[in-house]
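Visitor:
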Amino acid sequence: MLIINFLVAFGRYLMLMGRSFSRPERMRMFMKKYVKEMSQLGVDSIGIVLLISFFIGAVICIQMKLNIQSPWMPRWVSGYTTREIMLLEFSSSIMCLILAGKVGSNIASELGTMRVTQQIDALEIMGVNSASYLILPKIMGLITIMPFLVIFSSAMGIVGAYATAYIGHVLPPNDLTLGLQHDFNAWFMWMSIIKSIFFAFIIASVSSYFGYSVEGGSVEVGKASTNAVVSSSVLILFSDVFLTQLLS
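Residue numbers are given in our numbering: position 114 of the sequence shown equals residue 97, and the series is strictly consecutive.
(1) Does the pairing of the segment 105 to 121 with the segment 48 to 61 give three or more beta-carbon distances under 8 Å?
(2) Give the secondary structure of Gly95 by DSSP, where H, G and I count as helix, E and B as strand, and everything else as coil.
(3) In whole angstroms, what is the alpha-carbon distance linking Ile126 and Pro156?
(4) Would you kindly work out how many angstroms separate the C-alpha atoms of Trp59 and Gly162, rounded to a whole number?
(5) Reducing DSSP to helix, strand and coil, say where Ile122 ends up.
(6) For Arg98, which residues from the same chain have a beta carbon less than 6 Å from its beta carbon, with the 5 sequence-adjacent residues on both sides left out?
(7) Out of Phe225, Val153, Tyr145, point me to the one whose CA is closest to Phe182's CA.
(8) Return the chain-ordered list of same chain residues with a C-beta closer than 7 Å to the C-beta of Ser120, the five sequence neighbours on each side being excluded.
(9) If I follow the unbroken alpha helix (DSSP H) through Arg(-5), where does it start and stop?
(10) What are the boundary residues of the alpha helix (DSSP H) that Trp173 is part of?
(11) Taking DSSP as the reference, what is the three-state secondary structure of Thr100?
(12) Starting from Leu24 and walking both ways along the alpha helix (DSSP H), at which residues does that stretch end?
(13) Return the first residue and the last residue of the alpha helix (DSSP H) that Glu198 is part of.
(14) Per DSSP, what kind of secondary structure is Arg66 in: helix, strand or coil?
(15) Going by C-alpha to C-alpha distance, which of Gln101, Met69, Val217 sits closest to Ser137?
(16) Looking at Met129 and Ser179, is the spacing between their C-beta atoms short of 8 Å?
(17) Pairs of beta-carbons, one from the segment -5 to 10 and one from the segment 101 to 108, closer than 8 Å: are there three or more?
(18) Kindly give me the distance between the Cβ atoms of Phe135 and Leu33, rounded to whole angstroms, as I take these residues to be in contact under 8 Å.
(19) Touching or not, the segment 170 to 177 and the segment 82 to 102, by the rule of three or more beta carbon pairs under 8 Å?
(20) Give the straight-line distance between the Cα atoms of Ala211 and Ser88, rounded to the nearest whole angstrom.
(21) Can you tell me which of the three DSSP states Asn210 falls into?
(22) I'd like to know if the segment 31 to 45 and the segment 139 to 151 are in contact, where contact means that at least 3 CB-CB pairs between them fall below 8 Å.
(23) In the structure shown, what three-state DSSP assignment does Asp158 receive?
(24) Using 8 Å as the threshold, is the segment 203 to 217 in touch with the segment 70 to 77, meaning 3 or more CB pairs across them?
This is the structure we're talking about:
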């Protein structure tokens, strides 16, 4: 029964995405909503991304210094491991998990409220492709802005690591700089960005599906928001395994 429900939901999801990715009827209106969604979903999330990344970078640097550093290892190891963790996992995967909670619930509750208040039905009656009109700008907007959030997250994590070096005196700043520069592979940055684009699509499309498919009243909107966050997080973790294996 569970498998049947999953297949039904997956089929409805594919059909909704097929409707969503049809050509916009009015390109000027699409661009206006596209810019608005970039601001609402991405730009408004910069604050929480920078705050979390700063403290995570600081904590990773402290933990690496306390638990890995030893007389047998070079002193730059703490900086090197901090950079690798921020680039390879935190700034793409973990940050997208956090944004799934903020952005995903926002999308699902917005579309769910529109469905419950019959605004989507009104668009359909007027002959508007409501899926393309409402969902496509959200998906494209989040995909566009997510690489910038990843770059900001990585940069702020390194700033947090330097804060522990200068303010907390956890390790000398010169050793941290040596570690950050040691054996840098630019592909890791691109790999992080590529993964974040896939995760952005998962967050926007899955949350839109749950919000758009709400049936009932305001209670169902809350359930749809919760299901959107949980499903997006699980799919991000699953796809992270395959993307890491594929891109490494």
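Note that CB positions come from ideal geometry on N, CA and C, so glycine has one too.
Guide: So, from the listed chains and residues:
(1) Under the 8 Å Cβ criterion, the segment 105 to 121 does not count as touching the segment 48 to 61, having fewer than three qualifying pairs.
(2) helix
(3) 35 Å
(4) 4 Å
(5) In the structure shown, Ile122 sits in a helix (DSSP, three-state: H, G or I).
(6) Val197
(7) Phe225
(8) Checking the sequence shown, residue 120 turns out to be Pro, not Ser. Hits under 7 Å: Phe13, Lys16, Tyr17, Glu20.
(9) -15 to 3
(10) 169 to 195
(11) coil
(12) That residue, Leu24, is in no alpha helix (DSSP H); it is neither H nor E in DSSP.
(13) Premise fails: Glu198 is in no alpha helix (DSSP H) and is neither H nor E.
(14) helix
(15) Comparing alpha-carbon positions, the option among Gln101, Met69, Val217 lying closest to Ser137 turns out to be Met69.
(16) Pairing Ser179 with Met129 gives a Cβ-Cβ distance under 8 Å.
(17) no
(18) 6 Å
(19) Flag = no, the segment 170 to 177 and the segment 82 to 102 do not touch.
(20) 7 Å
(21) In the structure shown, Asn210 sits in a helix (DSSP, three-state: H, G or I).
(22) Contact holds: three or more Cβ-Cβ distances are below 8 Å.
(23) If DSSP states are grouped into helix, strand and coil, Asp158 belongs with the helices.
(24) The segment 203 to 217 makes no contact with the segment 70 to 77: fewer than 3 CB pairs, one atom from each, lie closer than 8 Å.
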